[in-house]
Amino acid sequence: MSTVQANGIRDDAALSDIAIPFYRSTPILGSLAVILLTTVVYFVYHRYYRSAPPSKRGAHVQVSSIDAQNSVSLADMAYLAHVLSPQSTHMDVLWAAISTPEMLQTSEAEVHKVERIRRDRQSRRATQKPNIPDELEALVEDDDGWGEDEDDVDESDQAAAQVRAKAKQAEQERQQDMERLKAATGQTNEPLEGIDPGVIGQTWVEATLAQHQSWPPPLTDVITAHTYTYEDQPVANPLDHKGLRRYLCMTMGRLNAQILNTKPELLQAGAQKLIDQTYFRGSLEFRGRVGTLLEAILRLGTVLKSRALVATTIEAVASFKVGCLPGKSTTWFLQTMQRQYGCQPHLAIHEKKVEVPLYEESSILATGDMAEFFLDLERTHAENFLKQKIAMCQKQGIPPQVALQAYREGWWFLLRAENVNDPNIRAEPIMRESPILSKLDSQDLDKFEAATPAAQRLITAWPMIVQNCAQKAGKVRIQFPVPSIPGKYRLVLDIKSQDFLGADQQIVIEKDVVDAQTIQRTLKPKEEQAIKNEESKGETKKEA
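Note that numbering that gives the first Met the number 0 numbers the sequence shown so that position 146 is 145, with each residue one more than the last.
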């Protein structure tokens, strides 16, 4: 059915039509989509910033990577554990991701780079004339005499049309020559908002968001409860931190993509190449970094066994990918899916059961067992999605087999157990010796343990990444440890999508858990032989 990515989420949906459905219907979004394909720039930029040290927030913090594979610093993980809790909202999660020590330093570096570009542009404009050699400038200005000969041309309609066509072609060639000369002499400049007429960037985004009551952003304690410094000077208002303001704007712009992407000003500016790429290209790179930190929050919530934080983060991931405000756009999204694909994404469950496959008496759960939550499921949207994506590829002249290789669809299975007889049963402790938690503040760990009762404590969080768009059905087997205290339990499995809104569902199965010391069971022949083989290997090692 799928390929499981064990370490969590990926932001591949940012490259798909699901992320911004309007990309294919508007010129500017089509042009911006091209930027997404410039993966070399992104990965170089991503690697540079992942290796950069975090900035200070109060005291200096020594940097070390808590997870080398994902390159999230210990300072960032400690910050996330400190500001988040099981009660955190979707916006808390997003604000935490963009305000880590490392993200703040990155944002400040970006602002300094943009300001340097703007200063250089203004300085050149004020003091220098374009450095184009005289003979080349003369060559560019030579338009083959079309203007001089125009008075001698036959005034018939056909002749006049030919003259105008040749003149237009000559002008286009002259402009192309000029652009090549500018590029060769270092005079090519990207348009900048506030310097070049008609260019839109961060200021336009903020003004447009303000028209829709989305700016200033709805800040929570995750942002407002902290003090910030910018260029080593304290700032009283978070919006006075230019780097943080830039990231707040990019976040709100992403969550309001369905509004911004249909604005006539943006469409016109895109068609005329009047987009400030220091902001819009930067926003794409920003989304990649946020994706990495959201993945880190998922890992953190999983090891802390916080079902609430993991579920909220998955929902925040979906909203950030789709480009809409959390909890406010489900109806719009489902209508868009119905209109675009003729269906709504859904996993239909045809069979469900919980068993212990090791024993002949597989339906009996005992303390100490490793059980299995089995699902026979169907992706009801598979056929419609495949047909529509193939049609889109053919329309754009893209080989479908190439485009579909990038398809990703993420689902999470969150399992917890509620003791029916004793709702206040003692919760299983979190593993404070784990590689992540052992490096975090014990007070932050206490906060999560105190706020996460047994009924809300994760047993397992299992991610499934579907890479084959055509795959329609499959079987899912989720292994989990049986509760250590005997009793009657409601096993609650939440199925959540990190790519689609309105596709979540919940499955509940009641099972009795017995004390393993009070029963006898028969191992299945195949399993019994496997255990004997493992035991014999152990004995061989001891003898050696």
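Don't be surprised by glycine CBs; every beta carbon is placed ideally from N, CA and C.
Between which two residues does the alpha helix (DSSP H) containing S122 stretch?
P100 to T126
Using 10 angstroms around the beta-carbon of A416, count the other beta-carbons present and answer buried if the total reaches 16, otherwise exposed.
It counts as buried.
Reducing DSSP to helix, strand and coil, say where M489 ends up.
The sequence as given places Arg at residue 489; Met does not occur at that position. In this structure, R489 counts as strand in the three-state DSSP scheme.
Report yes if the CB atom of R425 is closer than 8 Å to the CB atom of F319, and no otherwise.
The Cβ atoms of R425 and F319 lie no closer than 8 Å to each other.
May I ask you to report which of helix, strand or coil DSSP gives W203?
helix
At which residues does the alpha helix (DSSP H) containing Y246 begin and terminate?
K241 to L254
If you count every other CB in all the chains shown that lies within 10 Å of the CB of Q497, and 16 or more means buried, which is it?
buried
Let me know the secondary structure DSSP gives H225 once reduced to three states.
coil
Q516 classed as buried or exposed, judged by whether at least 16 other C-beta atoms fall within 10 angstroms
exposed
Whose C-beta lies closer than 7 Å to the C-beta of F499 among residues of the same chain, with five residues either side of it excluded?
A317 and P344
CB contact flag (F372, L492, <8 Å)
yes
Where does E189 sit, in a helix, a strand or coil, going by DSSP?
coil
Give me the Cα-Cα distance between E448 and R306, rounded to the nearest whole angstrom.
12 Å
When we look at the beta-carbon of E170 and count the other beta-carbons within 10 Å, is it buried (16 or more) or exposed?
Exposed.
Mind checking I397: buried by the 16 CB within 10 Å criterion, or exposed?
Counting C-beta atoms within 10 angstroms of its own C-beta, I397 has fewer than 16 neighbours from the protein chains shown and is therefore classed as exposed.
Roughly how many angstroms lie between the CA atoms of A310 and P462, to the nearest whole one?
12 Å
Secondary structure, beta strand (DSSP E): runs of 3+ residues fully inside the segment 311-387
346-354 and 369-378
Pull up the CB-CB distance for E481 and L376, whole angstroms please, since I reckon it's below 8 Å.
The sequence shown places Val at residue 481, not Glu. Between L376 and V481 the Cβ distance is about 23 Å, and since that is not below 8 Å, they are no contact.
What are the boundary residues of the beta strand (DSSP E) that includes A416?
Here the beta strand (DSSP E) through A416 covers E408 to N418.
Taking the Cβ atom as the reference point for each residue, do I363 and R520 lie within a distance shorter than 8 Å?
yes
If we count the other Cβ atoms within 10 Å of its Cβ and call it buried at 16 or more, is A96 buried or exposed?
buried
Are the beta-carbon atoms of T219 and K262 separated by less than 8 Å?
no
Apart from the five residues on each side of it in sequence, which residues of its chain come closer than 8 Å, Cβ to Cβ, to V302?
Result list for V302: I429, M430, S433, I435 and L436, in chain order.
So which of A74, K304, W214 and Y246 has the shortest CA-CA distance to S84?
K304
Output the boundary residues of the beta strand (DSSP E) element that contains R476.
A472 to P480
By the DSSP assignment, the alpha helix (DSSP H) with T301 in it spans what residues?
For T301, the enclosing alpha helix (DSSP H) begins and ends at Q276 to V302.
Can you grab the Cα-Cα spacing for the pair L346 / E114, in whole Å?
49 Å
For Q455 and V60, the rounded distance between their alpha carbons:
The predicted model places V60 with a pLDDT of 30, which falls under 50 and marks its position as unreliable, so this point remains unresolved.
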